[in-house]
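Down below is the structure, laid out as structure tokens.
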Amino acid sequence: MPMRLPDPLALRELTALLRDPVFRGRGVPHGDGRPVLLVPGFLSGDWALTVLRTWLQRIGYHAYVSGIYFNVRASEHMVAGLRHRLAEIQATDPARVTLVGHSRGGLLAKVLAQRRPDAIEQVIALGSPLADQSDITPLTQAAVGVVRTANEIGFGLRMRQEGRFAYDLRQP
Numbered sequence: 001m002p003m004r005l006p007d008p009l010a011l012r013e014l015t016a017l018l019r020d021p022v023f024r025g026r027g028v029p030h031g032d033g034r035p036v037l038l039v040p041g042f043l044s045g046d047w048a049l050t051v052l053r054t055w056l057q058r059i060g061y062h063a064y065v066s067g068i069y070f071n072v073r074a075s076e077h078m079v080a081g082l083r084h085r086l087a088e089i090q091a092t093d094p095a096r097v098t099l100v101g102h103s104r105g106g107l108l109a110k111v112l113a114q115r116r117p118d119a120i121e122q123v124i125a126l127g128s129p130l131a132d133q134s135d136i137t138p139l140t141q142a143a144v145g146v147v148r149t150a151n152e153i154g155f156g157l158r159m160r161q162e163g164r165f166a167y168d169l170r171q172p
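Following our numbering, the numbering of the sequence shown begins with 1 at its first residue and continues without gaps.
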């Protein structure tokens, strides 16, 4: 398979976004300091949500990063890390937290909310396959297989250990 080059329209789209009055906070409701925890998608990290975080801060939210550098570990491990991050946030801000998750981050956010409903205000999922987590492209499916194998070899984690995560994800 040939190497895929970055989308040539990406720079133009980013420039248009940065110039938009909404990005500068005009005409949108402001957050009044409410906490928001951002959760990046598969094969991504907090760096990928920098523009969103900047915008949320600009319009008055306390936007927090998840501490995820590269979203590839087993789901239970990722949720445990998010639970720890949530506790850190609530140690300084006891308000219920809004979770914003992109792609796989939305799945992780949903499960965290299932397990800590007392601490979560709402979940906002951006491009997350909530109805069917296997509803992903063939290329992403191949990457999932590689990451699954790496988790099994590197950390001794088997997919059967993800049963609780899968169960919680299926809950309404």
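We put the beta carbon where it would ideally sit given N, CA and C, even for glycine.
Please read these numbers as outputs of a predicted model, since none were measured by experiment.
Legend entry - Alpha-carbon spacing of Phe152 relative to Ile68, whole angstroms: Per the sequence shown, the amino acid found at residue 152 is Glu instead of Phe. So the alpha carbons of these two residues sit roughly 20 angstroms apart.
Legend entry - Proximity of Leu126 and Leu112 at Cβ, strictly below 8 angstroms: no
Legend entry - Paired residues, beta bridge with Tyr64 - DSSP: Leu37
Legend entry - Unbroken beta strand (DSSP E) run spanning Leu126, endpoints: 120-126
Inset, instruction - Give the straight-line distance between the Cα atoms of Asp168 and Arg19, rounded to the nearest whole angstrom. - result: 40 angstroms
Inset, instruction - For the alpha helix (DSSP H) holding Gly174, just list the boundary residues, first then last. - result: Coverage of the chain is limited to positions 1 through 172, which leaves residue 174 absent and any answer about it impossible.
Legend entry - Beta bridge counterpart(s) of Leu99 as assigned by DSSP: Leu37, Val123
Inset, instruction - Please list, in chain order, all residues of the same chain as Met1 whose beta carbon is under 6 angstroms from its beta carbon, the five residues on each side excluded. - result: Summary for Met1: the model assigns pLDDT 45, below 50, so the residue's position carries little reliability, and this model does not support an answer.
Inset, instruction - Alpha carbon to alpha carbon, how far is Val97 from Arg170? Give it in angstroms, no decimals. - result: 22 angstroms
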